[in-house]
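All residue numbers in the sequence shown are consecutive under our numbering, ending with 274.
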Amino acid sequence: MPTTQQQQQQPLQPPQPRPRPTPPPLTASAHQHDTKKHLLLASSGSVATIKLPSIVTALAPHRNLSIRIVLTGSAAAFLAGQSAEQPDLAAVAALPNVDGVYLDADEWREPWVRGNSILHIELRRWADILVVAPLSANTMAKMVGGVCDGLLLSTVRAWDTMGVLDPVRLPDVEGVEGAVGGGGEEGGAAVVRTRKKRIVVAPAMNTAMWEHPVTAKQVRVLEEEWGVANGGWVEVLRPIEKTIACGDTGSGGMKEWKEIVGVIEERMGLTRA
């Protein structure tokens with residue numbers, strides 16, 4: 002039997018995270034006319050993932066907003082109930098406006114058969130905008146290279162980059178900055194109005210990673226080849242200079258989360274009363 006002194010010397014074990022509520026199957030067409038604006042909010046493997054709950058909480062006043070969250074496996078490791086700043090996924094799922102928290106395993110929860118929906122396609126169809134905050138160095142490289150080895154990257158890879166697949170869902174979302182497309186008649190047949198839905202990314206990584214030459218090449222693809230300024234679909238919220246988690250000081254820290262909230266509100270036409 003351990004003595005009282007030995008019991009007192011034993012390190013405290015961190016609390017086990019509660020099970021994440023499994024999101025129900027998603028069929029985007031069922032939400033086509035729900036009058037809400039749809040934010041697909043994702044995080045990849047950077048410590049800046051701990052700011053995701055703050056972003057969601059700050060958007061709580063917008064009751065006409067529906068949020069679905071996608072986490073990579075490494076991002077989920079930062080939200081396992083380590084502290085108040087790092088709640089577990091059950092707590093994240095309970096935040097206002099959150100209608101689902103998705104992990105890679107949700108894509109393959111059941112063996113697929115013909116006629117079943119495909120989650121990354123339904124998420125793309127459902128979303129009015131995708132915001133990836135943070136976008137890690139690894140996920141950025143995979144995004145630019147076309148790799149789709151998880152739910153988030155599959156959604157990005159299947160994005161309607163030409164604005165020809167997904168119909169305009171809400172008139173007031175049509176005016177999102179950088180939107181393209183129109184309506185009318187062509188050849189006597191009705192043309193469904195479409196637009197390029199935006200992907201907003203907020204990179205976050207070590208200073209050496211951000212200043213690496215390969216990162217400059219990848220950012221050039223995102224901002225120039227795929228950027229909204231050139232008729233594309235990607236907007237990059239460049240990192241800021243700060244002392245980052247590893248102790249280094251320099252560029253690479255994710256844009257302040259309050260500024261990311263402001264970008265989301267502006268791009269989605271969300272107004273505060």
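We put the beta carbon where it would ideally sit given N, CA and C, even for glycine.
Would you call residue i buried or exposed, if buried means 16 or more other Cβ atoms sit within 10 Å of its Cβ?
i	result
T156	buried
R110	exposed
A191	Reliability fails at A191, whose pLDDT of 44 lies under 50, so the model's placement of it is uncertain and the value that follows must be treated cautiously. The residue in question, A191, is exposed, as its Cβ has fewer than 16 Cβ neighbours within 10 Å.
G254	buried
N98	buried
E242	exposed
T272	exposed
T73	buried
E267	exposed
P25	exposed
Q33	exposed
D107	buried
E225	exposed
G189	Residue placement at G189 is flagged as unreliable, the pLDDT there being 40, under the threshold of 50; the coordinate-derived value follows with that caveat. Exposed, because fewer than 16 other Cβ atoms sit within 10 Å of the Cβ of G189.
What are the boundary residues of the alpha helix (DSSP H) that residue i is part of?
i	result
E123	L120 to W127
T140	A138 to G146
E266	W258 to M269
V157	L152 to R158
V215	P214 to R221
W211	T208 to W211
Kindly indicate which residue of the options has the alpha-carbon position closest to the one of residue i.
i	options	result
W160	P97, W127 and L136	W127
L166	R196, R158 and K143	R196
G270	I130, G164 and L27	I130
M206	L90, P112, A246 and N231	A246
M210	P168, A94 and A142	A142
Y103	S137, A94, A78 and V71	V71
L27	G233, I68 and T140	I68
S252	R239, Q87 and G263	R239
K198	V222, E225, T208 and E236	E236
G233	G147, V264 and I200	I200
G101	S84, V132, L124 and Q83	L124
P54	D35, D105, A85 and P112	A85
Specify, as a first and last residue, the run of the beta strand (DSSP E) that residue i falls within.
i	result
A203	R199 to P204
T250	T250 to G254
T244	I241 to T244
G101	V99 to Y103
E236	V235 to V237
Within 6 Å: the Cβ of residue i and any heavy atom of the ligand ADP?
i	result
P240	Absence of the ligand ADP is noted for the structure shown, with no ligands found whatsoever.
Contact the segment 55 to 62 vs the segment 252 to 262: 3+ CB pairs below 8 Å: Result yes; three or more Cβ-Cβ pairs closer than 8 Å.
Say whether the segment 35 to 45 touches the segment 114 to 122, bearing in mind that this needs 3 or more beta-carbon pairs closer than 8 Å, one atom from each stretch. Under the 8 Å Cβ criterion, the segment 35 to 45 does not count as touching the segment 114 to 122, having fewer than three qualifying pairs.
Touch test, the segment 208 to 224 against the segment 147 to 156, Cβ-Cβ under 8 Å, three pairs minimum: The segment 208 to 224 and the segment 147 to 156 do not touch, with fewer than 3 CB-CB distances between them shorter than 8 Å.
Segments assigned alpha helix (DSSP H), at least 4 residues, entirely inside the segment 14 to 91: DSSP runs (the alpha helix (DSSP H)) wholly in the segment 14 to 91: 53 to 59 and 74 to 77.
Is it true that the segment 48 to 55 meets the segment 19 to 30, where meeting means three or more beta-carbon pairs spaced less than 8 Å apart? No: the two stretches stay apart, fewer than three of their Cβ pairs being nearer than 8 Å.
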